[in-house]
């Protein structure tokens, strides 16, 4: 049986350290995050003084050039270990491989997810400002919200959905694959050129997605090599007897708010239908990986994808089918597990985007990223009469994702927004109300120097007693504002909070 | 619901050539406005573009992640 879809997104950002002869992305990522942490709070005071990462900065009271020289000398492993912070909005901000990564807190619906995704962008923008303030003159760290460097290296934007453990995995594979292959028509962030191994960059002028070139398998555990369309990582970060966390690695990072909204909103609907065994037509591609890449390489959206039963269908045909089933599902079973009240907006926008992709895709500028990017690139190419393989078009592609407000090409388009900028700013430091992220964030805000460690499903407190106390949080909807706000507000210290928590039933 | 399904069926049944012909008159008000605004957008983009595109593209090298 379907469960409410708790959502989260983890984004790895591209990073450049300019003005230094030997840039090191791990060092730059650590520096970026530490600069943000030191700007937003002093140790033990103010919002979210993080335990991990602070220790290092503590030893370098002023982040001057000398401090950074010492920093440069550290081995990457040590720095990666150092920078791993939990923020007062319930998010995790850390260095992963050679990228800054931000995982949103657990959200209740697609609209809330968009708000925290926007907050993540604002955190990165502020991080750049903080880092550049302490960097030597002539140096600068720049962050990009994309998934590819155009040279065959990719980094991810992973989505997470809480689903019922009892759902047969084979059923998830069939229907989620159909959706992941075909939703690219509105989730793609657009890319100039081809990065398929062995192929020339100029083999393709423009494709829908950043990521399709990097997928080689249908199902698997990998995320860095031989990437699969369906990732089998089984790490629920919740009660493993009740829940599975579907870890989706196939998507692009979006800048258009509507694209992010639809990416997670439509996927939540499809997964609820899978859990409740609502989809009776099984669509199987003759070759799912080939289908993924065919959809990405056809901006006309007309490619007939070969199905295993010998018939064909376009990505839009299959999306219309999923939408129709989704409407029926919500009418018959209600909205609770398909994304909550916001699902009605998801369904209406889903239909609107599919219809517009068929009739007048160009008018989705500011709604769908690949359309928006192509609009800029085509316009620029026509104005300057450039050949399709001109490097300036690649530069435009990269700069579309530049998160510096004064340089971002995306920011100049005037995209449709779903989130009030004031709410997005507030979400930089305030957790969502409806999940355990509320408990995590509020505790960090109130008792930062009493928290030894925090992760998705537990927190470890130091209440000044002989041993540390761990609070498990295996149920993602518990620890919400409704559950614990009064308790947190009423308690004078952490010992009282822990005592009252342990005396509560359940 | 019934109306929507009908609309959809018509779309699906339309053959690619007739679809091609209907693209032009179907262009929305928003599409027209976008075309008009494109010049302005490109002017603004010219003002913020990386000054040395070639060097920028070459220097943008990332390590694989995830």
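Chains as they are written, first to last, in the numbering used here: chain A, 1 to 506; chain B, 1 to 66.
C-beta atoms are modelled at their ideal positions from N, C-alpha and C, and glycine is treated no differently.
With three or more beta-carbon pairs closer than 8 Å as the criterion, would you say the stretch 268 to 283 of chain A touches the stretch 202 to 211 of chain A? no
Taking Cβ positions, are residue 513 of chain A and residue 468 of chain A nearer each other than 7 Å? Not covered by the structure: residue 513 of chain A. The range shown for chain A is 1 to 506.
Backbone secondary structure at residue 33 of chain A - three-state DSSP: By one-based count along the first chain, residue 33 of chain A stands at place 33. Correct three-state label for residue 33 of chain A: helix.
For residue 72 of chain B and chain A, any beta-carbon pair shorter than 7 Å? Outside the modelled stretch of chain B, which goes from 1 to 66, sits residue 72 of chain B, for which no answer is possible.
Please check if any C-beta of chain B sits within less than 7 Å of the C-beta of residue 374 of chain A. Within the first chain, numbered from 1, the residue matching residue 374 of chain A stands at position 374. Residue 374 of chain A does not count as touching chain B.
Contact defined as beta carbons within less than 8 Å: I believe residue 432 of chain A pairs with residue 107 of chain A. What is the distance between those atoms, to the nearest angstrom? In the first chain, residue 432 of chain A corresponds to position 432, counting from 1. In the first chain, residue 107 of chain A corresponds to position 107, counting from 1. Indeed they touch by this definition, with Cβ atoms about 5 Å apart.
Can you find a C-beta in chain A that's less than 7 Å from the C-beta of residue 44 of chain B? Taking the second chain and counting its residues from 1, the one referred to as residue 44 of chain B is at position 44. For residue 44 of chain B, the answer is yes, since a Cβ of chain A falls inside 7 Å of its Cβ.
Does the distance from the CB of residue 415 of chain A to the CB of residue 256 of chain A come in under 7 Å? The count along the first chain starts at 1 and reaches residue 415 of chain A at position 415. The count along the first chain starts at 1 and reaches residue 256 of chain A at position 256. For residue 415 of chain A and residue 256 of chain A, yes; Cβs fall inside 7 Å.
What's the gap between the Cα of residue 300 of chain A and the Cα of residue 100 of chain A? As a working mapping, residue 300 of chain A is identified with position 300 in the first chain. As a working mapping, residue 100 of chain A is identified with position 100 in the first chain. If you take the alpha carbons of residue 300 of chain A and residue 100 of chain A, they lie about 35 Å apart.
List the residues that DSSP assigns as beta-bridge partners of residue 8 of chain A. Indexing the first chain from 1 puts residue 8 of chain A at position 8. According to DSSP, which records beta bridges pairwise, residue 8 of chain A is partnered with A/160.
Does residue 334 of chain A come out as helix, strand or coil in the three-state DSSP assignment? Taking the first chain and counting its residues from 1, the one referred to as residue 334 of chain A is at position 334. Residue 334 of chain A: coil per DSSP, three-state reduction.
Residue 436 of chain A: beta carbon under 6 Å from a heavy atom of the ligand NAD? No copy of the ligand NAD appears in this structure; indeed no ligand is present at all.
By the three-class DSSP mapping on this structure, what secondary structure does residue 446 of chain A have? Position 446 of the first chain holds residue 446 of chain A. DSSP places residue 446 of chain A in helix when its eight states are reduced to three.
Check whether the stretch 470 to 481 of chain A and the stretch 432 to 451 of chain A touch, using three or more Cβ-Cβ pairs below 8 Å as the test. yes
What separation, rounded to the nearest whole angstrom, lies between the Cα atoms of residue 504 of chain A and residue 373 of chain A? The residue labelled residue 504 of chain A in the question sits at position 504 within the first chain. The residue labelled residue 373 of chain A in the question sits at position 373 within the first chain. Each residue's alpha carbon lies about 53 Å from the other.
For residue 391 of chain A, which three-state DSSP category applies? Locating residue 391 of chain A in the first chain gives position 391, where the first residue counts as 1. In this structure, residue 391 of chain A counts as helix in the three-state DSSP scheme.
Cβ of residue 65 of chain B less than 7 Å from any chain A Cβ? One-based indexing of the second chain puts residue 65 of chain B at position 65. Yes, residue 65 of chain B counts as interfacial toward chain A.
Just tell me which of A/362, A/312, A/112, A/396 has its CA closest to the CA of residue 49 of chain B. Walking along the second chain from the start, residue 49 of chain B turns up at place 49. Taking only the C-alpha atoms, the option nearest residue 49 of chain B is A/396.
Would you say residue 149 of chain A faces chain B, with C-beta separation under 7 Å as the test? The sequence position of residue 149 of chain A within the first chain is 149, counting from 1. Closer than 7 Å to some Cβ of chain B, the Cβ of residue 149 of chain A qualifies, so yes.
Tell me which same chain residues have a C-beta within less than 7 Å of the C-beta of residue 327 of chain A, skipping the five on either side of it? Within the first chain, numbered from 1, the residue matching residue 327 of chain A stands at position 327. Hits under 7 Å: 347.
Can you find a C-beta in chain A that's less than 7 Å from the C-beta of residue 55 of chain B? The residue you call residue 55 of chain B lines up with position 55 of the second chain. Taking Cβ atoms only, chain A never reaches closer than 7 Å to residue 55 of chain B, which makes this a no.
Decide if residue 488 of chain A is buried, meaning its Cβ has at least 16 other Cβ atoms within 10 Å, or exposed. Taking the first chain and counting its residues from 1, the one referred to as residue 488 of chain A is at position 488. So residue 488 of chain A counts as buried.
Does the Cβ of residue 231 of chain A have 16 or more other Cβ atoms within 10 Å, making it buried, or fewer, making it exposed? The residue labelled residue 231 of chain A in the question sits at position 231 within the first chain. Looking at its Cβ environment, which holds 16 or more other Cβ atoms inside 10 Å, residue 231 of chain A is buried.
Terminal residues of the beta strand (DSSP E) in which residue 245 of chain A lies: Locating residue 245 of chain A in the first chain gives position 245, counting from the first residue. Run containing residue 245 of chain A: 243 to 248, per the beta strand (DSSP E) assignment.
Short check: CB of residue 90 of chain A to CB of residue 441 of chain A, under 7 Å? Taking the first residue of the first chain as position 1, residue 90 of chain A is located at position 90. Taking the first residue of the first chain as position 1, residue 441 of chain A is located at position 441. Closer than 7 Å, so yes.
Please identify, using Cβ separations under 8 Å, the residues of the stretch 358 to 387 of chain A that lie next to chain B, in order along the chain. 358, 359, 360, 362, 363, 365, 375, 376, 379, 380, 383
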